[in-house]
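**Student:** The following block contains the structure, expressed as structure tokens.
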């Protein structure tokens, strides 16, 4: 019996596929030391055979079963290698994607667990398994996922979301966080924690530190102009009412446009711009935390510390130490 079924589509992120197999391999090697069963997995693709990944590497797979069979494994889909919502529409209509969607739908209908990261979360949406659940995806694709799945609660800030038998994760390298979560759900926390320590993986909870406000616009001219306006006005950004007046619309209309384009509130967009500026200053300057707070519009450092702790799980000082150590 398999614990995991890794479903690989042509063009998938090679790094996401590799980290999936590396974590499973590490778990299998470490499990006997913890007197835990070894994870067992298989690699499937819609057509079987050798599958070419996004960077040209190839990996051998078996073909997906043509009909539903008893299967207690968790189906895991690494990122599709598509990073733009416009291209996703075309990718999901291809025959291999349609085959994958049908397989995921059958597996879920029989009570099976499914998981995906990055753009592969859209396969789960197409399979109908996100309805009424909380999910995440790459932070810049979250607004599109929320648009096409209004009955799903898309949490763009989370690195990993598990809701019942459905687990989802953020951008490509969040696949490592997803696999640790799946190991935790299947084999318990001890094995997942040991694998994380052996591979030097820290427990990242949020995508927020990686968000680039200008990319949230997704080609939306209004949000692009709005983001630039906020950035240029720091440390004293206009209020929501002032921004609405500048753009000749009501605050409610402005908020509606921002949420439709980014999946976030207008106030969250302003906070994201401030946080991004603060992060850059912390990483690249010798300013004190108090000076950084003043540069992004906070009267004292307490508010900045609170915001960064909530958004990143770390205080500004810890964030600075971590950046300098990694550099």
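Residue numbers (this note's numbering): 1040 to 1366. Glycine included, each C-beta is placed from N, C-alpha and C at the ideal position.
(1) When you compare the region 1089 to 1106 with the region 1147 to 1163, are there three or more beta-carbon pairs, one atom per stretch, that lie closer than 8 Å?
(2) Nearest to residue 1275 by alpha carbon, out of 1294, 1241, 1263, 1316?
(3) DSSP three-state label for residue 1074, please.
(4) Does the pairing of the region 1127 to 1135 with the region 1062 to 1072 give three or more beta-carbon distances under 8 Å?
(5) Any contact of the region 1258 to 1271 with the region 1071 to 1085, i.e. 3+ C-beta pairs under 8 Å?
(6) Would you call the region 1193 to 1203 in contact with the region 1041 to 1050, where contact means no fewer than 3 C-beta pairs closer than 8 Å?
(7) Consult DSSP for residue 1331 and reduce its assignment to one of helix, strand or coil.
(8) If you draw a straight line from the alpha carbon of residue 1331 to that of residue 1128, how long is it in whole angstroms?
(9) If I measure Cβ to Cβ from residue 1215 and keep anything under 6 Å in the same chain, skipping five residues before and after, which residues do I get?
(10) For my contact list, residue 1336 and residue 1255 are in at a C-beta cut-off of 8 Å; report their separation, rounded to the angstrom.
(11) How is the beta strand (DSSP E) around residue 1083 delimited, first residue to last?
(12) Going residue by residue through the region 1088 to 1173, where are the continuous alpha helix (DSSP H) segments of at least 4 residues, counting only ones entirely within it?
(13) Let me make sure I understand the geometry here. Which of 1147, 1096, 1122 has the alpha-carbon closest to that of residue 1113?
(14) So which of 1070, 1110, 1093 has the shortest CA-CA distance to residue 1081?
**Tutor:** Taking the coordinates as given:
(1) no
(2) 1316
(3) coil
(4) no
(5) no
(6) no
(7) helix
(8) 41 Å
(9) 1058, 1240
(10) Between residue 1255 and residue 1336 the Cβ distance is about 19 Å, and since that is not below 8 Å, they are no contact.
(11) 1080 to 1084
(12) 1124 to 1132, 1134 to 1148, 1160 to 1165
(13) 1147
(14) 1110
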